[in-house]
Amino acid sequence: MIKHLTALLFSCLFFATQAFAAMAPIDEVRKANIFLTDFEKEVARADGASTRFFNKQETLTRVHRLATQYPDDPAVQDLVRRTKQALMRSKGNYIEITPEMLAYKHNEANLRNMLKAKNQKAWQELITKTSPITQIFPAPVPEKADLEQYYGKYILLPDVRYPENQFLGATGEFIHVGKPSSGYYFIALDGRNWLGPYEAIKRYRSLVDASLGENLHFSVLGKITGLVMESPEAGRDKRSPFVWGWIVQPEALYAGERVLACYDASKEQSGFFIGEDQVESIKDSWYTVKSIPDNVGPKELMEIFCTAIKEKNFKLYQECIYPDRSASETGSSLLRYHWDLHQARFREEYVHVVFDKPQITVLKGRDTSNDLENFFLDESQKATLDKISGEREEMAIVMSRAFDQNGKQRGSKNSHELRRKGNGRWYVNTYDVRF
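Quick note on my numbering: the sequence shown kicks off at 11 and runs consecutively.
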């Protein structure tokens, strides 16, 4: 009997010791919880954005040590559960990217390829038609050349770098092509011959293919119109000597081997790219939104605004924006500048945007949505207040989240401001804010 009692006592003591040994020290659990709580707060403040978390590593280290040594302690298991949740949330928000979200990229690629084929064909036809000088180096020496043999002749200058080789000389503004050992050509920039086609290239980049970029290498087709002595490196080197160079008046710019822009004095803009007159009709077939309802809400308007940018619908983009923002020439220029920035971001950074519920504030006039005030006012009092308060003006704040092609949120939320007056339509006011 005593023998059995001893064995039973020993067994109970063993299991009690094991249970006690499985419990983590309270002080270590408490300290780990402090770091974990701070980590959870950091994650909550980040609100889906991937950023640096100061308490992350210390939290993972402490909870990992406890989980390894005391895996059966309920308090430790709870720490592990919370750490897993916080860690996943710290990696940012994710969504599933559907084919519909990427349709704009496929449409742009199809349009780019279609116009590329047209422009390449037109370029070859233009070269055949004009039979330009292609053996440009070494350039003819002015003192020895028969000037009449070169004046008025077409010349093809490849690898023209703009704005890299642009300079303001003593006789005008030029792009220099060449070097002292091989001779120079100076492409004239101070006339519509350059500005018309160059602006057409910019329109192509804005309305068709944002990937063309800013720093371009052109092939320039133009006519030799004279000789000039200039110092092409004067802006970089004050000791740069003056050299003779042949002036070239450009007539066609071929950029990126995909877009050809030509000079046309009869056009208001003095230039066009091949297929420009067909672009809008082609794009019209893929537009998913073509107009803005009069009763559009702030969130819905931001979704239309985003769609207009993705689908390269510049007219719809303009119609979304508060009219006062583009009333001046400077405002109109800024409108297009930020259009180009939005185009670049939807090409390089993110592909889809979601918007939160708007927060609406009455800036001026009577707030007709204030149910507490309406309870105490009769119709006559409301009419009086409407009269003395003036036209109502409201502001809406809509927060956006942008997601990349992998479905991960890019950066933090961004705030967009919209306005409307009276019973009019909502308009985007801060059109320059990234998504």
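Quick reminder that beta carbons are idealized off the backbone N, C-alpha and C, glycines included.
Since this is a predicted model, take the numbers as computed values, not measurements.
Tell me where the beta strand (DSSP E) around residue i begins and ends.
| i | result |
| --- | --- |
| residue 260 | 253-265 |
| residue 363 | 362-365 |
| residue 69 | No beta strand (DSSP E) holds residue 69; the alpha helix (DSSP H) holding it covers 66-79. |
| residue 158 | First-last for residue 158: 157-160, but that is the alpha helix (DSSP H), not the beta strand (DSSP E). |
| residue 411 | 403-413 |
| residue 370 | 369-374 |
| residue 115 | Note, residue 115: premise wrong, no beta strand (DSSP E); alpha helix (DSSP H) at 113-140. |
| residue 189 | 183-189 |
| residue 270 | 269-273 |
Rounded C-beta distance between residue i and residue j? I'm assuming under 8 Å.
| i | j | result |
| --- | --- | --- |
| residue 423 | residue 409 | 5 Å |
| residue 160 | residue 231 | Not quite, the Cβ-Cβ distance comes to about 15 Å (not below 8 Å), so this is no contact. |
| residue 258 | residue 167 | 7 Å |
| residue 332 | residue 438 | 6 Å |
| residue 312 | residue 426 | 6 Å |
| residue 419 | residue 411 | 6 Å |
| residue 82 | residue 32 | 5 Å |
| residue 302 | residue 329 | 6 Å |
| residue 306 | residue 317 | That pair is no contact at about 12 Å. |
Leaving out the 5 sequence neighbours to the left and right, which residues in its chain are closer than 7 Å to residue i when beta-carbon positions are compared?
| i | result |
| --- | --- |
| residue 180 | 240 |
| residue 292 | 121 |
| residue 172 | 185, 226 and 228 |
| residue 217 | 289, 322 and 324 |
With residue i as the anchor, note down where its alpha helix (DSSP H) starts and where it stops.
| i | result |
| --- | --- |
| residue 299 | Element bounds for residue 299: n/a, residue is neither H nor E. |
| residue 350 | 339-358 |
| residue 215 | 202-217 |
| residue 429 | No alpha helix (DSSP H) contains residue 429, which is instead part of the beta strand (DSSP E) from 419-431. |
| residue 49 | 36-56 |
Would you call residue i buried or exposed, if buried means 16 or more other Cβ atoms sit within 10 Å of its Cβ?
| i | result |
| --- | --- |
| residue 309 | buried |
| residue 148 | exposed |
| residue 223 | exposed |
| residue 62 | exposed |
| residue 242 | buried |
Might you give, ordered along the chain, the residues of its own chain that have their beta carbon closer than 6 Å to the beta carbon of residue i, omitting 5 neighbours on each side?
| i | result |
| --- | --- |
| residue 39 | 85 |
| residue 378 | none |
| residue 200 | 182 and 183 |
| residue 271 | 207, 210, 211, 263, 281 and 283 |
| residue 335 | 341 |
| residue 100 | 53 and 63 |
Going by DSSP, which residues form a beta bridge with residue i?
| i | result |
| --- | --- |
| residue 232 | 165 and 260 |
| residue 392 | BP columns for residue 392 are empty, so no partner. |
| residue 237 | 256 |
| residue 437 | 429 |
| residue 223 | In DSSP, residue 223 forms no bridge with anything. |
Grab me the residues of residue i's own chain with a C-beta within less than 8 Å of its C-beta, minus the 5 sequence neighbours each way, in chain order.
| i | result |
| --- | --- |
| residue 401 | 374, 375, 431 and 432 |
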